[in-house]
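Just below is one structure, and these are the notes that go with it.
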Amino acid sequence: MASRTRFRLRYQTRIALWGLLFALPAVAYLLLFNLLPMANALYLSFTRYDLIGAPELVGLRNYARTLTDPNFHHSLRITFIYVFGTVVPVWFFSFGLAFLLYKVRLFAGGWRTLLFIPTILPLLSVTLVWKLLFNLRGVVNGLLLPLGIDPIPWLTDARFANLALIITSWWHASSYYMILFLAGLQAVPIVFQEAAALDGANGWQRMRHVILPLMRPTIVLVIVLSIINGFRTFALHYVMTGGGPGTATEIVPLLIYKTAFAFLDMGKATAISVLYFLMILIFSLVQLRVSQGEQLE
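Residue numbers for the sequence shown follow the numbering used here, so the first one is 20 and each next one is one higher.
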């Protein structure tokens with residue numbers, strides 16, 4: 020009996036060691052490319068560092084400089100305008116597309132593939148194409164001319180630059196969340212909808228009282244992912260406007276980039292990064308907690 024127990028323990032130990040061995044590459048990747056850079060950034064946020072000399076500890080000075088910096092306040096405001104100007108319309112538009120695809124039966128696979136193409140295109144290519152479309156003599160202004168609207172300087176006028184970026188994001192992001200919503204719609208048991216129809220519920224009542232409540236996990240996922248991705252945007256603004264005209268489209272990631280590599284103030288740049296990360300983390304946790312509370316009710 021004792022020998023059988025020892026054999027079982029040795030066998031379980033070997034299984035555990037093999038499991039650790041297979042997990043080692045993923046753990047090493049996580050340490051080298053995620054945790055160590057994050058720890059280094061946290062350390063640099065407490066230093067004065069210009070990429071030339073050695074880092075010099077300055078305590079919380081970089082955080083104090085950031086929190087009292089008008090440029091940071093401006094970039095934060097521009098970031099919120101962009102994020103919520105993008106994600107809220109995208110939620111409704113992508114859900115509408117998903118619902119249409121859910122109802123379509125003829126060539127359904129072809130329509131899904133066609134509508135998913137914007138998401139699989141490289142963001143850099145999409146940005147360059149839309150930059151041409153929003154050119155003063157581009158297609159967008161060409162479509163507005165028959166309506167009697169003079170050419171609009173979309174990317175060189177502070178009044179329109181953010182709108183141009185938001186429209187581009189609508190086109191690129193909607194198809195991704197459309198697929199998530201479509202998966203959520205297909206996961207709703209059809210018997211519940213049929214039962215509601217037999218009880219006399221119309222289309223809107225079935226949507227409100229059957230489909231949307233059962234899709235709540237998918238809706239929460241889309242909300243959290245879309246907001247996080249909105250806050251993480253960098254390439255679109257960098258390529259399309261560079262933060263201009265002036266600082267009209269300078270979101271926080273662009274401010275971090277310029278602070279680090281244009282002004283060589285790595286300490287302040289990493290302090291901004293840490294504060295930005297904490298803001299996104301807190302927002303995500305609050306959103307998840309609220310959604311879990313609603314599910315418990």
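Heads up, the beta-carbon is just placed ideally off N, CA and C, and yes, glycines get one too.
Pick from the options that is closest to residue i, judged by C-alpha positions
| i | options | result |
| --- | --- | --- |
| Leu-294 | Leu-304, Asp-284, Leu-119, Asn-81 | Asn-81 |
| His-228 | Pro-44, Glu-213, Leu-63 | Glu-213 |
| Gly-203 | Ile-270, Leu-255, Ala-117 | Ala-117 |
| Leu-134 | Pro-74, Ile-270, Gly-115 | Gly-115 |
| Val-309 | Leu-240, Phe-41, Ser-94, Thr-138 | Leu-240 |
| Leu-233 | Val-243, Gly-222, Ala-206 | Ala-206 |
| Glu-75 | Leu-40, Leu-182, Lys-287 | Lys-287 |
| Leu-95 | Tyr-62, Ala-279, Ala-267, Phe-280 | Ala-267 |
| Val-305 | Ile-242, Met-259, Arg-251, Arg-84 | Ile-242 |
| Trp-173 | Phe-250, Ile-186, Arg-84 | Ile-186 |
| Thr-85 | Ile-275, Ser-303, Phe-302, Leu-300 | Ile-275 |
| Arg-251 | Arg-225, Asp-284, Tyr-101 | Tyr-101 |
| Val-258 | Trp-110, Leu-142, Leu-70, Ser-64 | Leu-142 |
| Ser-188 | Leu-140, Ile-209, Ala-215 | Leu-140 |
| Leu-120 | Leu-201, Ser-292, Trp-223, Leu-300 | Leu-201 |
CA-to-CA distance, residue j to residue i, given in whole angstroms
| i | j | result |
| --- | --- | --- |
| Val-107 | Ser-193 | 11 Å |
| Gly-155 | Asp-176 | Strictly speaking, residue 155 in this sequence is Leu, with Gly absent from that position. Cα-Cα distance, rounded: 11 Å. |
| Ile-198 | Pro-170 | 35 Å |
| Pro-272 | Trp-190 | 21 Å |
| Met-298 | Leu-184 | 23 Å |
| Phe-211 | Ala-220 | 11 Å |
| Phe-282 | Asn-90 | 14 Å |
| Leu-217 | Ile-230 | 15 Å |
| Phe-26 | Arg-33 | At Phe-26 the pLDDT is 49, less than 50, meaning the model places this residue with poor confidence and gives no usable figure here. |
| Ala-290 | Arg-235 | 36 Å |
| Phe-112 | Leu-182 | 17 Å |
| Trp-37 | Tyr-48 | 18 Å |
| Asn-160 | Ala-45 | 49 Å |
| Phe-52 | Gly-262 | 28 Å |
| Thr-66 | Pro-56 | 15 Å |
| Val-123 | Gly-129 | 11 Å |
| Leu-70 | Ala-279 | 9 Å |
| Thr-98 | Ser-245 | 14 Å |
| Leu-163 | Tyr-196 | 29 Å |
| Leu-147 | Phe-179 | 18 Å |
| Ala-73 | Gly-249 | 35 Å |
| Ala-254 | Ala-215 | 46 Å |
| Ile-136 | Thr-237 | 21 Å |
| Glu-269 | Ile-209 | 47 Å |
| Leu-300 | Val-145 | 29 Å |
| Tyr-68 | Ala-83 | 16 Å |
Bridge partner(s) assigned by DSSP for residue i
| i | result |
| --- | --- |
| Leu-76 | Thr-66 |
Run of the alpha helix (DSSP H) containing residue i, from where it starts to where it stops
| i | result |
| --- | --- |
| Pro-172 | Counting along the chain, Pro-172 falls outside any alpha helix (DSSP H), and DSSP gives it neither H nor E. |
| Val-109 | 89 to 122 |
| Pro-137 | 127 to 139 |
| Leu-151 | 142 to 152 |
| Gly-161 | 158 to 163 |
| Val-210 | 209 to 217 |
| Arg-225 | 222 to 225 |
Short CB-CB distance (under 8 Å) between residue i and chain D
| i | result |
| --- | --- |
| Phe-179 | Absent here is chain D; the protein component of the structure consists of one chain. |
Minimum length 4: unbroken alpha helix (DSSP H) runs contained in the stretch 239 to 272: DSSP runs (the alpha helix (DSSP H)) wholly in the stretch 239 to 272: 254 to 259.
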